[in-house]
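Written below as structure tokens is the structure these notes are about.
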Amino acid sequence: MTDTSLAARGVALDLLRDVLRKSVPFDDAFDAHPELAALQPRDRGFVRLLVATVLRRLGQIDEMIQASLAKPGLPKAAIHDMLRLGTAQLVFLNTPAHAAVDTAVELAAARNAAPYKGLINAVLRRIGREGAEMAARQDAGRLNTPDWLWLSWRSAYGTARTRGIVEAHLHEAPLDITVKSDPEGWAERLGATLLPTGSLRRPPGGSVIELPGFEDGEWWIQDLAASLPAKLFGDLRAKRVFDLCAAPGGKTAQLVVQGAQVTAIDRSARRLERVTENLKRLRLEAEVLAADAATWEPEEPADAVLLDAPCSATGAIRRHPDILRVKTPDDIAKLARAQSRLLARSVELVKPGGTLVYCTCSIQPEEGEAQIARLLEQDKRMERWPVTAEELGGLSEPINEAGEVRSLPGMLADLGGIDGFFIARLRRRPN
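And the structure:
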């Protein structure tokens with residue numbers, strides 16, 4: 001094994017520890033790791049793929065490890081993580097058996113775990129022989145889904161829909177792109193599929209910054225579902241729009257391209273730096289303001305408000321499998337309270353006769369349908385403005401009976417799927 005190969009797996013081991021035992025979001029842990037910059041791009045890509053695969057397939061992996069141990073009970077945490085990394089390579093990443101096993105054994109030696117080399121070697125060699133058969137017998141979607149999420153989704157959507165959700169999570173999401181203009185032309189240049197909504201779709205993987213048009217600011221990465229809220233305001237030319245909780249700025253960019261005068265607000269100055277950087281690359285202009293949307297007082301209300309509220313992000317597990325491991329039911333309750341406050345405040349920020357679009361990348365009803373039902377019951381100034389399939393490029397599957405958008409992983413399978421999202425469009429009644 002090369003030194004770079006050992007270093008990459010060492011970084012992966014650290015990242016797995018940070019996510020599983022410290023509940024650090026994977027992207028944050030990845031960006032903060034001090035040794036990552038020293039790795040070659042190919043090794044960095046391997047680290048990301050390896051850790052994401054373990055997080056995505058953790059239930060399956062742990063069941064295989066348990067079945068392959070000579071005695072019941074799991075080894076201590078660091079050894080368990082080394083076995084997880086090795087199993088992911090053997091069963092799901094098609095790493096040659098000798099490479100996956102040897103690197104795991106050498107990693108144990110490098111991390112002061114030499115007494116466990118024999119255990120690691122024996123377990124991984126067995127999984128190398130039997131892992132494919134084990135995986136074929138497993139209920140993969142159920143095993144990889146924490147009980148509390150499975151039960152909440154089954155209660156909300158039924159068993160069949162929940163099966164579709166958890167099976168969609170087994171696969172890496174495609175790369176979706178929003179263009180400033182000429183989607184047909186850019187689809188051809190990027191080798192992408194043009195989706196009915198105007199988004200472009202490419203297979204996952206590869207270097208985004210090396211694709212045509214990135215440096216020239218002609219497009220940005222944005223999931224199909226995330227691109228929908230900004231499309232629901234109608235004609236925005238010369239209208240004032242507040243984009244609340246705006247980072248990282250994809251929806252801000254859409255609103256600007258549509259001709260709006262946008263104020264992008266986020267309470268995190270650090271996250272707003274990314275909004276500013278993205279707008280600069282895209283050659284777009286918006287007012288960027290660090291403020292708490294729940295207490296911010298503008299000089300006057302806006303024609304339209306987009307509230308992309310902080311949420312559990314359970315709709316984005318295809319892209320962020322660490323969500324399965326770091327979120328808890330307590331998080332949902334806390335976030336729902338914050339969403340209620342932000343939603344109530346957003347009503348005050350939109351003019352009478354204006355439009356409010358509320359969205360979350362969550363598939364928890366507490367963060368979506370329940371929020372809107374509560375608001376409409378408590379504040380008679382607001383009314384629903386139902387979304388139509390024509391506004392979504394003819395896509396009717398994600399629209400619920402109330403005229404809200406409720407996309408779920410597993411929907412639009414013929415197009416390559418979609419993230420889970422909730423979107424409600426409201427209108428403030430004229431005074």
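Going by UniProt numbering, the first residue of the sequence shown is number 1, and it counts up by one from there.
Cβ coordinates follow ideal geometry from the N, Cα and C atoms, glycine included.
Quiz item: Under a three-way DSSP split, which group does Gly59 fall into?
Solution: Three-state DSSP puts Gly59 in a helix.
Quiz item: Under the three-state reduction of DSSP, which class applies to Trp186: helix, strand or coil?
Solution: Here Trp186 carries a helix assignment [DSSP, helix/strand/coil].
Practice problem: Leaving out five residues on either side along the sequence, give the residues of the same chain with a beta carbon under 7 angstroms from the beta carbon of Gly416. | Solution: Hits under 7 angstroms: Pro174 and Arg201.
Exercise. Give the DSSP-derived three-state secondary structure of Ser312 in the structure shown.
Key: In the displayed model, Ser312 falls within coil according to three-state DSSP, outside both helix and strand.
Practice problem: Take Gln261 and list the residues in its own chain whose beta-carbon comes closer than 6 angstroms to its own, dropping the five residues that flank it on each side. | Solution: Here the set comprises Arg240.
Practice problem: Quick one: residues in its chain with C-beta nearer than 7 angstroms to the C-beta of Thr53, no 5 flanking neighbours on either side, listed in chain order? | Solution: Hits under 7 angstroms: Ala88, Phe92 and Leu93.
Quiz item: How about Val51 and Phe233: are their beta carbons less than 8 angstroms apart?
Solution: Result no, Cβ atoms of Val51 and Phe233 do not sit closer than 8 angstroms.
Quiz item: So the alpha helix (DSSP H) Glu383 belongs to, where does it begin and stop?
Solution: Run containing Glu383: none in the alpha helix (DSSP H); it sits in the beta strand (DSSP E), Met382 to Arg384.
Quiz item: Of all the options Glu35, Glu172, Leu307 and Ser23, which has the alpha carbon lying nearest to the alpha carbon of Val11?
Solution: Checked all of Glu35, Glu172, Leu307 and Ser23; the closest Cα to Val11 is Glu35.
Quiz item: Once you ignore the five residues that flank Gly394 on each side, which residues in its own chain have a CB closer than 7 angstroms to its CB?
Solution: These residues qualify, in order along the chain: Pro196.
Quiz prompt | Chain-order list of residues whose beta-carbon lies under 6 angstroms from that of Ala290 (same chain, five-residue window excluded) | solution = These residues qualify, in order along the chain: Ala269 and Leu272.
Practice problem: Identify every residue that forms a DSSP beta bridge with Arg202. | Solution: Answer is Leu175.
Quiz item: Which two residues bound the contiguous beta strand (DSSP E) that contains Thr162?
Solution: Taken as a continuous stretch (DSSP letters only), Thr162 belongs to no beta strand (DSSP E), being part of the alpha helix (DSSP H) at Asp147 to Ala168.
Self-check item: Complete runs of the beta strand (DSSP E) confined to the segment 351–394 [at least 3 residues]
Solution: DSSP runs (the beta strand (DSSP E)) wholly in the segment 351–394: 382–384.
Practice problem: Let me know the secondary structure DSSP gives Gln89 once reduced to three states. | Solution: Reduced to three states, the DSSP call for Gln89 is helix.
Practice problem: Compare the Cα-Cα distances from Leu6 to each of Asp28, Leu69, Met64 and Glu106 and report the closest residue. | Solution: By alpha-carbon distance to Leu6, the top candidate from Asp28, Leu69, Met64 and Glu106 is Glu106.
Quiz item: With distances taken from CA atoms, which of Asp176, Ser181, Gly206 and Val208 is nearest Thr193?
Solution: Check the Cα spacing between Thr193 and each of Asp176, Ser181, Gly206 and Val208: the tightest is with Asp176.
Quiz item: Rounded to a whole number of angstroms, what is the C-alpha to C-alpha distance between Lys180 and Ala225?
Solution: Lys180 and Ala225: Cα-Cα distance of roughly 17 angstroms.
Quiz prompt | Where the alpha helix (DSSP H) containing Thr276 begins and where it ends | solution = Per DSSP, the unbroken alpha helix (DSSP H) holding Thr276 starts and ends at Ala269 to Leu282.
Quiz item: What is the DSSP secondary structure of Val24, reduced to helix, strand or coil?
Solution: The answer is coil: DSSP assigns Val24 none of H, G, I, E or B.
Quiz item: Of the choices Met134, Asp147 and Leu342, whose alpha-carbon is the least far from that of Asp308?
Solution: Ranking the options by Cα distance to Asp308, first place goes to Leu342.
Quiz prompt | Stretch-stretch touch, CB-based, cutoff 8 angstroms, three pairs: the segment 317–324 with the segment 52–72 | solution = Contact between the segment 317–324 and the segment 52–72 is present, because at least three Cβ pairs lie under 8 angstroms.
Self-check item: Residue of Ala109, Asp14, His33 and Arg126 minimising C-alpha distance to Met64
Solution: The option with the nearest alpha carbon to Met64 is Arg126.
Exercise. Using DSSP bridges, identify the partner residues of Met64.
Key: Answer by DSSP bridge pairing: none, since Met64 is not bridged.
Practice problem: Buried or exposed for Asn112, please, with buried defined as at least 16 other CB atoms from any protein chain shown within 10 angstroms of its CB. | Solution: Counting Cβ neighbours within 10 Å, Asn112 comes out exposed, since fewer than 16 surround it.
Quiz prompt | Boundaries of the alpha helix (DSSP H) in which Thr103 is found, first to last residue | solution = For Thr103, the enclosing alpha helix (DSSP H) has its first and last residue at Ala97 to Ala110.
Practice problem: Could you pull the start and end residues of the beta strand (DSSP E) that Ala290 belongs to? | Solution: From DSSP, the beta strand (DSSP E) with Ala290 extends over Glu287 to Ala290.
Quiz item: Under 8 angstroms between the Cβ atoms of Leu306 and Trp220?
Solution: Their beta carbons are not under 8 angstroms apart, which means Leu306 does not touch Trp220 by this criterion.
Quiz item: With C-beta atoms as the reference, is Val350 less than 8 angstroms away from Pro301?
Solution: The answer is yes: Cβ separation under 8 angstroms.
Practice problem: Taking only the alpha-carbon atoms, compute the straight-line gap between Arg274 and Ala114 and give it to the nearest angstrom. | Solution: If you take the alpha carbons of Arg274 and Ala114, they lie about 43 angstroms apart.
Quiz prompt | Spatial distance of Gly185 from Gly198 (CA atoms) | solution = Taking the straight line from one Cα to the other gives about 12 angstroms.
Practice problem: Would you kindly check if the distance between the Cβ of Met411 and the Cβ of Glu401 is under 8 angstroms? | Solution: Contact: no.
Quiz item: According to DSSP, is Leu16 helix, strand or coil?
Solution: Residue state, collapsed to three classes: helix.
Quiz prompt | For Pro409, the first and last residue of its enclosing beta strand (DSSP E) | solution = It spans Pro409 to Leu412 - the beta strand (DSSP E) in which Pro409 sits, taken as one unbroken run.
Practice problem: Grab me the residues of Pro329's own chain with a C-beta within less than 7 angstroms of its C-beta, minus the 5 sequence neighbours each way, in chain order. | Solution: Apart from the 5 residues on each side of it in sequence, Pro329 sits with its Cβ closer than 7 angstroms to the Cβ of Trp148 in its chain, given in chain order.
Exercise. Only counting runs of 3 or more residues, tell me where the beta strand (DSSP E) segments fall wholly within the segment 217–262, in order along the chain.
Key: Segments of the beta strand (DSSP E) lying fully in the segment 217–262: 219–221 and 240–244.
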